Amino acid sequence: MVLDLPFGRPLRRSLNVIMDIKQKVKELINEGYVEGELEIDPLWYIIWKPEEIDQFNKEYQFSEYAPEFTGFGDSGSNEILAVNAKGEVFTIPSIGMESQYADKIADSIDDLKQYMKKNI
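So the sequence shown is numbered by the numbering used here: it starts at 137 and just counts up by one.
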């Protein structure tokens, strides 16, 4: 399925994948994982609200620089938390963003949660 999503050129990804990311983010926020320490790099996380995900992905120009990823949070500095179509979690630099610089940090958002602390 080819979708013309609000954050860029047509992308080949399932609407179910995008909705799943937003649902996982909503669950994190409802459980109190909004912002806090990470036991792995980048050592801090800020989770974006589900309704902000499309806008932030557009502003960071994911469709141009890292089209196979969808951002869902950041480190409060220069790294973005993003998932690929398989649901694996990566960090991607917000300055000089390119897919080749993505570092896998977890197999899924659920897996990432084990490294997250509820600080704020």
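We treat Cβ as the ideally placed atom computed from N, Cα and C, and that holds for glycine.
Note that the structure is a prediction, hence the values are computed from the model and not measured.
Start and end residues, beta strand (DSSP E) containing residue i
| i | result |
| --- | --- |
| Ser-246 | Reading off the sequence, residue 246 comes out as Asp, not Ser. Per DSSP, Asp-246 belongs to no beta strand (DSSP E); it is in the alpha helix (DSSP H), 245-249. |
| Asn-255 | Looking at the DSSP string, Asn-255 is not in any beta strand (DSSP E), and its letter there is neither H nor E. |
| Tyr-181 | 180-183 |
| Asn-220 | 215-220 |
| Ile-241 | 239-242 |
| Pro-229 | 225-229 |
| Gly-207 | 205-210 |
| Glu-171 | 171-173 |
Own chain partners of residue i with C-beta closer than 7 Å, once the 5 adjacent residues on each side are dropped
| i | result |
| --- | --- |
| Tyr-181 | Glu-171, Gly-172, Leu-174, Gly-209, Ser-211, Leu-217, Met-252 |
| Lys-158 | Pro-186, Ile-189 |
| Lys-160 | Ile-245 |
| Phe-192 | Trp-184, Gly-207 |
| Gly-168 | Lys-254 |
Proximity to residue i [Cα-Cα], best of the options
| i | options | result |
| --- | --- | --- |
| Ile-154 | Ile-241, Val-219, Gly-168, Phe-226 | Val-219 |
| Glu-187 | Glu-195, Lys-162, Pro-178 | Lys-162 |
| Glu-204 | Gln-236, Lys-185, Glu-215 | Gln-236 |
| Thr-227 | Asn-166, Glu-200, Ile-176, Asn-152 | Ile-176 |
| Asn-166 | Trp-184, Leu-179, Asn-152 | Trp-184 |
Terminal residues of the alpha helix (DSSP H) in which residue i lies
| i | result |
| --- | --- |
| Tyr-201 | 198-201 |
| Glu-195 | 189-195 |
Contacting residues, own chain, Cβ-Cβ under 8 Å from residue i (five flanking each side not counted)
| i | result |
| --- | --- |
| Ile-224 | Residue identity check: residue 224 is Glu in the sequence provided, not Ile. If we look at Glu-224 and ignore the five residues flanking it on each side, its Cβ neighbours are Lys-240, Ala-242, Asp-243, Ser-244. |
| Ser-230 | Tyr-196, Asp-210, Asn-214, Glu-215, Ile-216 |
| Ala-202 | Ala-218, Ile-228, Met-233, Glu-234, Ser-235, Ala-238 |
| Asp-156 | Gly-223 |
Inter-residue CB distance, residue i and residue j (contact presumed, cutoff 8 Å)
| i | j | result |
| --- | --- | --- |
| Leu-179 | Lys-249 | With 8 Å as the limit, Leu-179 and Lys-249 do not qualify as a contact, their Cβ atoms being about 16 Å apart. |
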